[in-house]
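Data first, discussion second: the structure below is written as structure tokens.
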Amino acid sequence: MKINPLRIDTSKKDFEKKISDRIGINDSANKKVQKKVDLIISSIRKDGDKALMGFIKKFDNYDIKRIKDILISSDEIKEAYTYVDKLQVSNLKKSIKRIRDFSKKQKAESWSDKKDGTILGEKVTPIETVGIYVPAGKASYPSTVLMNTIPAKIAGVKNIVMACPISQIEDHALAIVAADLCGVDAILRMGGAHAIAALTYGTKHIGKVDKIVGPGNIYVTLAKKTVFGDVGIDNIAGPSEIVIVADSTNKPDWIAMDLFSQAEHDELAQPILISSSMKLLNDVHKSAEKILPSMLRKDIILKSFNSRGMYIKAKNMKEIASIVNRIAPEHLEIMSKNKKDLLKLITNAGAIFLGEYTPEVFGDYCAGPNHVLPTSGSARFSSPLGVYDFQKRSSLISISRKTATALSKISVSIALSEGLQAHALAAKYRDK
């Protein structure tokens with residue numbers, strides 16, 4: 056089977072229908088999964104540890120005997136280091152430093168202004184307890200540990216709990232080592248919707264958290280969506296996306312591999328190439344067909360390209376920008392000599408990678424900015440995960456007696472217009 060992404064041309068009459076159909080995801084299957092998720096959450100709330108152990112045995116491929124075995128012990132953390140070579144540890148530390156240096160710039164501080172005896176400001180405090188979800192499906196993701204934990208630590212979160220469906224220490228050694236290097240307080244051997252439920256509602260042996268962050272499969276995503284309100288969450292993550300805007304000055308092999316780098320995540324990942332050059336689109340396609348047989352995850356890449364991929368031929372920069380802003384991609388690579396001009400027109404994108412020497416993969420691991428990004432078009436209204444996601448702001452208000460007289464008159468007038476007598480009287484009492 057050959058690579059066969061959808062080819063779209065903005066000059067054709069069917070452009071609107073084709074792009075609309077391709078951007079959307081059929082979520083009819085989610086309804087069936089949602090019913091299962093609801094049952095799992097209900098069981099955890101009702102039966103606590105007993106239900107949790109049952110789900111761990113059933114879904115996490117770990118034959119747990121005692122509830123206390125859910126906690127990865129210090130000896131098991133030491134064991135994990137024996138499976139990781141020194142170079143891997145060194146590279147993790149380098150990545151940690153870059154992410155930490157970037158994240159420090161995001162930290163908000165409390166502030167206040169004083170005028171005429173009145174103080175107005177904001178008190179910034181960290182969230183107290185955070186749950187980090189780290190998947191362990193088709194690959195192991197130590198980078199997920201770094202990106203979710205480091206900003207939480209910089210924000211000042213006191214207790215960080217990591218949930219990951221760890222069956223064998225050896226299979227997840229790098230993620231465990233990453234958690235240890237980042238200062239995770241506890242690593243819990245659990246995954247799926249049952250992990251989200253346990254972190255949200257707690258059990259006899261698992262404490263509640265205040266917020267849950269981190270990606271996962273459809274069960275995890277729907278579980279997070281379901282418990283939102285009882286606990287904070289980062290976002291509702293969808294499949295990975297990449298849009299590459301490129302001109303004819305770029306190397307087709309590089310572009311093809313960058314598209315592959317997201318397509319290999321899963322079959323629903325969406326690789327999209329946009330160009331005003333038909334020759335480039337064709338050359339990249341030839342490169343993709345040439346490279347694909349050598350890829351270890353070629354079956355996943357192929358399904359991603361054929362079910363979700365797009366090659367889009369556009370007329371000019373303005374049209375390209377309009378398409379990008381409509382898609383609002385998780386990742387946007389601009390490989391064009393006019394990249395700075397195009398950047399000015401982009402309003403919707405999770406992360407923007409400028410130039411041929413800035414592949415998205417650098418952002419995944421070690422560039423510095425966070426790789427937890429808005430997906431499924433949510434870059435229209437949301438942002439990458441950051442230190443600010445682990446901080447809360449409380450308004451500070453202290454009114455002097457002199458200012459109270461002036462504010463009383465304003466408040467009484469508005470309160471009476473809203474028919475709120477007690478509001479008006481509470482304000483009037485201060486006008487004395």
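Okay, so the sequence shown: first residue is 56 according to this note's numbering, each after it adds one.
By construction, the Cβ of each residue, glycine as well, lies at the ideal position given by its N, Cα and C atoms.
As the structure is a computational prediction, the values presented were derived from the model and not from experiment.
Among the options, nearest to residue i - alpha-carbon criterion
{"i": "residue 62", "options": "457, 336, 167", "result": "336"}
{"i": "residue 74", "options": "191, 422, 325", "result": "325"}
{"i": "residue 366", "options": "405, 230, 127, 379", "result": "379"}
{"i": "residue 60", "options": "116, 459, 418, 358", "result": "358"}
{"i": "residue 206", "options": "219, 239, 122", "result": "239"}
{"i": "residue 237", "options": "282, 187, 160", "result": "187"}
{"i": "residue 377", "options": "298, 418, 213, 242", "result": "298"}
{"i": "residue 171", "options": "456, 469, 472", "result": "456"}
{"i": "residue 141", "options": "229, 410, 475", "result": "229"}
{"i": "residue 242", "options": "409, 131, 181", "result": "131"}
{"i": "residue 183", "options": "388, 123, 262", "result": "262"}
{"i": "residue 218", "options": "151, 231, 246", "result": "246"}
{"i": "residue 58", "options": "469, 416, 342", "result": "342"}
{"i": "residue 327", "options": "373, 279, 381", "result": "381"}
{"i": "residue 444", "options": "323, 147, 179, 133", "result": "179"}
Assigned secondary structure, residue i (DSSP; H/G/I helix, E/B strand, else coil)
{"i": "residue 163", "result": "coil"}
{"i": "residue 431", "result": "coil"}
{"i": "residue 274", "result": "helix"}
{"i": "residue 450", "result": "strand"}
{"i": "residue 420", "result": "helix"}
{"i": "residue 62", "result": "strand"}
{"i": "residue 331", "result": "coil"}
{"i": "residue 436", "result": "coil"}
{"i": "residue 240", "result": "coil"}
{"i": "residue 404", "result": "coil"}
{"i": "residue 351", "result": "coil"}
{"i": "residue 177", "result": "strand"}
{"i": "residue 368", "result": "strand"}
{"i": "residue 183", "result": "coil"}
{"i": "residue 443", "result": "helix"}
{"i": "residue 94", "result": "helix"}
Spatial neighbours of residue i in its chain, beta-carbon cut-off 8 Å, leaving aside the 5 residues before and after
{"i": "residue 346", "result": "308, 311, 312, 315"}
{"i": "residue 333", "result": "368"}
{"i": "residue 410", "result": "389, 390, 394"}
Within-8 Å CB hit, residue i to chain B
{"i": "residue 405", "result": "The structure shown has no chain B; it contains just one protein chain."}
Environment of residue i [buried if 16+ CB atoms lie within 10 Å]
{"i": "residue 164", "result": "exposed"}
{"i": "residue 465", "result": "exposed"}
{"i": "residue 446", "result": "buried"}
{"i": "residue 461", "result": "exposed"}
{"i": "residue 436", "result": "exposed"}
{"i": "residue 77", "result": "buried"}
{"i": "residue 452", "result": "exposed"}
{"i": "residue 472", "result": "exposed"}
{"i": "residue 475", "result": "exposed"}
{"i": "residue 289", "result": "buried"}
{"i": "residue 234", "result": "buried"}
{"i": "residue 54", "result": "The chain is shown from 56 up to 487; residue 54 falls before or after that span and cannot be answered."}
7 Å Cβ shell around residue i - same chain, five flanking residues per side excluded
{"i": "residue 106", "result": "98, 99"}
{"i": "residue 356", "result": "315, 318, 319, 347, 350"}
{"i": "residue 23", "result": "The shown model of the chain, from 56 to 487, leaves out residue 23, and the question about it has no answer."}
{"i": "residue 425", "result": "202, 206, 439, 440, 441"}
Spatial neighbours of residue i in its chain, beta-carbon cut-off 6 Å, leaving aside the 5 residues before and after
{"i": "residue 362", "result": "none"}
{"i": "residue 406", "result": "386, 418, 428"}
{"i": "residue 467", "result": "479, 482, 483"}
{"i": "residue 414", "result": "313"}
Closer than 7 Å: residue i CB and nearest the ligand HEM heavy atom
{"i": "residue 262", "result": "The model on display carries no ligand, and the ligand HEM is accordingly not part of it."}
* To do: Output the residue ranges of the alpha helix (DSSP H) runs that lie fully inside the region 200 to 261 and measure 4 residues or longer, sorted by chain position.
  => Entirely contained in the region 200 to 261, the alpha helix (DSSP H) runs reaching 4 residues are, in chain order, 228 to 237, 247 to 256.
* Jot down the residue ranges of each uninterrupted beta strand (DSSP E) in the region 283 to 341, minimum 3 residues, whole runs only, in chain order. => Taking only runs of at least 3 residues, the beta strand (DSSP E) segments lying wholly in the region 283 to 341 are 296 to 301, 325 to 330.
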